[in-house]
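For the sequence shown, position 104 matches number 121 in the numbering used here, and the numbering has no gaps at all.
Here a beta-carbon is modelled for each residue, glycine too, at the ideal position from N, C-alpha and C.
Below is one structure, written out as structure tokens; comments come after it.
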Amino acid sequence: MSPTPPARRLRLGMPRRMFSQLLLMQLAIAAGVVVLATGLFLAPLSDQLDDQAMRRALAIAQTTAAVPQIAEDLRHTRPSVDGPVQQEAERIRKASGAEYVVVMNLSGIRWSHTEPGQVGGHVSTDPGQALAGKDVMEIDNGTLGRSARGKVPLRDSDGRIVGAVSVGIEYDSVRARLIHAIPGLFAYAGGALAVGALAAWLISRRIQRQTRDLAFSDISALLAEREAMLHGIREGVVALDRAGRVRLLNDEAQRLLGIGEEAVGRSPDQALGEGRTTDVLAGRVTGTDLISVRGQRVLVVNRMPTDDGGAVATLRDRTELEQLGRELDSTHGLIDALRAQDHEHANRMHTLLGLLELEMYDDAVDFVGEVVGDHRATAEQVTEKIEDPLLAALLVGKATVAAERGVALWVSDGTRLPDRLIDPRGLVTVLGNLVDNALDAVAGKPHARVEVELRTEGRTAILRVGDTGPGIPADQRELIFTEGWSTKKPPAHGKRGIGLSLVRRLAERQGGHATVGEAAGGGAEFTVVLPEALTGADLEPALAAPVTTDAEEASR
């Protein structure tokens, strides 16, 4: 026999949905405020009613004492139920609605009272202050029970005190007024609570629509998941509010942009300074997969507006991809050059074979010497003027590629570069980009020529690359250094417009500059000045060790 399943216990607690929780909390707050306001109103209301009753009793007493005949009758008659003082006091009591009107002499003997049997007796409370000439207001217990009282001195026509007048208002009537006011007060409080409940329901419904009827736990989980996602992904995320200020910055964005949490609450211009990255984040440059260079990194930036008037920008680090793409371009160029050299080598071998078959041995020797001599002359010409091995090897390789493309690559006679560069790989980056751009500009044109000059002035290195291409229009000579700007078709691996930007940034990082002008032959002439690029002649070689970065290597 299976055991009886345990009975499910009824669990009482807050509802799960945020709409219901918010509504209940607002209703509880509204009810609490109404109860508190009602209590705060009732507490002074009781005191106010007591004060009104005492002042009313005092006013009746003062009016009674102001009747001259009462003072005269008090002096010339005896206390009597049928006496003039009793009759006048009863008339005033009935007319005013007081509980009692007592007239007494200086000894505290009553001349009037609501109960005839009390006439001629001594008053139950001390009339000393009233007989002393003071007006008295109080709530006290007497012969008729608890009452609100007013006592005033009674004076004759000469102003002498001959007695006192005491008037009482039944305290039960005061309490009755308070109780009578409570239903109306509760009605107002109920109306206020109903209005508050309606407002709470409307607010809760709006929040329900805005939060898509999620529970607080769901929202908390979403926030936790968002934080984990934002700080765990390998893309930078920058969120901007409607005023254009940074309101969220994940860890990867901080790393890529080189900023910290202090950027939150500031505009991109304030946090990053001037530049293309700032313009893209601020929305001044629009498009998809926009290329930007930030420091030593090549970034791909996308900006998406949000419904609240802000925007979210994503950043991807393209430095390694750009490096691979440029290596791929270099490999393709090398393959093309090797293919052309292979074709030329086959032609030369066929020529040499023909000379040997024709037994023209002297001509064969001269032909081989001429071919070998041309290559040796080119290498010797470069190494004589450029002592740094990296730069010399780069120019020799570029000269071979240029020759295969029908372009003459010349190293000017003024070139002199000693082997004392602090950062030779950085200069390789600059020279490689400029020579490649020059070869692309003159390729396919008659009498194509590229001239390179490398010289020094003290510890400053000056690099000049000129070509016989179409040149750069004057209005575009600054634009060409902007990230993403290019007149060439994108390569297979991605986008262009990075090389010249990196050239300028590398020069500026070393305190120099990069400019473009018009060459003597009508083409473009790029000039890069790098201060402090060389070590002093008396420095140890170890101090001249090259310093390079991944971004600079990638820009090749």
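Local Cβ density within 10 Å of residue i, reported as buried at 16 or more and exposed below that
i: Ser19; result: Note that Ser19 scores 45 on pLDDT, short of 50, meaning its location in the model is unreliable; the coordinates nonetheless yield the value given after this. Classification for Ser19: exposed.
i: Leu556; result: Interpretation of Leu556 is limited by its pLDDT of 38, a score under 50 that renders its predicted location unreliable; the figure taken from the coordinates is listed afterwards. Leu556 should be labelled exposed.
i: Leu148; result: buried
i: Glu525; result: exposed
i: Ala394; result: For Ala394, the predicted structure reports a pLDDT of 46, less than 50, and the residue's modelled location is therefore unreliable. A value from the coordinates is still provided. Classification of Ala394: exposed, given that the 10 Å Cβ count is below 16.
i: Ile46; result: exposed
i: Ala294; result: The residue you asked about is not Ala; residue 294 is Thr in the sequence shown. So Thr294 ends up on the buried side.
i: Pro441; result: buried
i: Thr432; result: buried
i: Gly275; result: exposed
i: Tyr188; result: buried
i: Met71; result: buried
i: Glu244; result: exposed
i: Ala217; result: buried
i: Asp5; result: No answer is possible for residue 5: it lies beyond the span of the chain, which begins at 18 and ends at 573.
i: Asp379; result: exposed
i: Asp325; result: exposed
i: Val297; result: buried
i: Thr323; result: exposed
i: Phe203; result: exposed
i: His510; result: Only weak support is given to the placement of His510: the predicted model assigns it a pLDDT of 43, under 50, and the question is left unresolved by the model.
i: Gln86; result: exposed
i: Gln103; result: buried
i: Leu219; result: exposed
Contact under 8 Å by Cβ, residue i with residue j
i: Val98; j: Arg110; result: no
i: Ile308; j: Val302; result: no
i: Arg481; j: Ala550; result: no
i: Ala419; j: Leu456; result: yes
i: Ala82; j: Pro144; result: no
i: Gly488; j: Glu535; result: yes
i: Met121; j: Ala76; result: no
i: Gly304; j: Leu257; result: no
i: His530; j: Val520; result: no
i: Val84; j: Glu105; result: yes
i: Asp173; j: Arg95; result: no
i: Glu252; j: Leu266; result: no
i: Leu40; j: Ser221; result: yes
i: Leu186; j: Ala115; result: The displayed chain sequence assigns Ile, not Leu, to residue 186. Yes, they are a contact pair.
First and last residue of the uninterrupted beta strand (DSSP E) at residue i
i: Lys462; result: No beta strand (DSSP E) contains Lys462, which DSSP labels as neither H nor E.
i: Ser174; result: It is not in any beta strand (DSSP E) - Ser174 carries neither H nor E in the DSSP assignment.
i: Asp334; result: 328-334
i: Ser309; result: 307-311
i: Gly159; result: 153-159
i: Asp484; result: 477-484
i: Val4; result: Only positions 18 to 573 of the chain appear in the structure, and residue 4 is not among them; the question remains open.
i: Pro322; result: 314-322
i: Arg283; result: From DSSP, Arg283 is part of no beta strand (DSSP E); its letter is neither H nor E.
i: Leu123; result: Neither: Leu123 is in no beta strand (DSSP E) and is coded neither H nor E.
Cβ separation of residue i and residue j, assumed to be a contact under 8 Å, to the nearest whole Å
i: Val452; j: Val467; result: 7 Å
i: Thr473; j: Leu434; result: 6 Å
i: Pro285; j: Val263; result: 7 Å
i: Leu405; j: Leu373; result: Inspection of the sequence shows that residue 405 is occupied by Asp rather than by Leu. With 8 Å as the limit, Asp405 and Leu373 do not qualify as a contact, their Cβ atoms being about 41 Å apart.
Beta carbon proximity, residue i to chain C, threshold 8 Å
i: Leu148; result: Of the protein chains in the structure, only one exists, and it is not chain C.
Identity of the residue in the options nearest residue i by Cα
i: Val184; options: Arg177, Thr142, Thr432; result: Thr142
i: Gly176; options: Ile186, Ile156, Ser164, Gly150; result: Gly150
i: Gly486; options: Asn122, Pro441, Gly538, Asp90; result: Gly538
i: Val533; options: Leu496, Leu273, Val182, Glu252; result: Leu496
i: Leu517; options: Arg526, Pro490, Gly528, Asn454; result: Asn454
i: Val50; options: Ala209, Thr94, Arg108; result: Ala209
i: Thr417; options: Gly114, Val399, Met366, Val140; result: Val399
i: Ala425; options: Asp484, Glu376, Asp380, Leu373; result: Asp484
i: Thr80; options: Ala112, Gly100, Val52, Asp68; result: Ala112
i: Leu54; options: Lys402, Gly207, Pro101; result: Note on residue identity: the sequence assigns Ala, not Leu, to residue 54. The candidate whose alpha carbon is nearest that of Ala54 is Gly207.
i: Ser429; options: Glu404, Glu470, Glu397, Pro463; result: Glu470
i: Asp268; options: Ile250, Val52, Ala48; result: Ile250
i: Leu273; options: Thr331, Leu373, Gly449, Gln527; result: Thr331
i: Glu132; options: Glu89, His139, Leu161; result: Leu161
i: Arg320; options: Gly312, Arg333, Arg314, Thr499; result: Arg333
i: Gln527; options: Trp427, Gly312, Ala280, Met246; result: Gly312
i: Ala478; options: Arg422, Ala211, His130, Asp436; result: Asp436
First and last residue of the uninterrupted alpha helix (DSSP H) at residue i
i: His530; result: It is not in any alpha helix (DSSP H) - His530 instead sits in the beta strand (DSSP E) that spans 530-535.
i: Trp110; result: Before going on, a small fix: residue 110 reads as Arg here, not Trp. Here the alpha helix (DSSP H) through Arg110 covers 101-113.
i: Val297; result: 293-299
i: Arg92; result: 85-93
i: Glu525; result: 516-526
i: Ala409; result: 406-421
i: Gly145; result: 145-148
i: Leu549; result: Here residue 549 is Glu; the residue named in the question, Leu, does not match the sequence. Segment: none, Glu549 is in no alpha helix (DSSP H) and carries neither H nor E.
i: Ala270; result: 268-274
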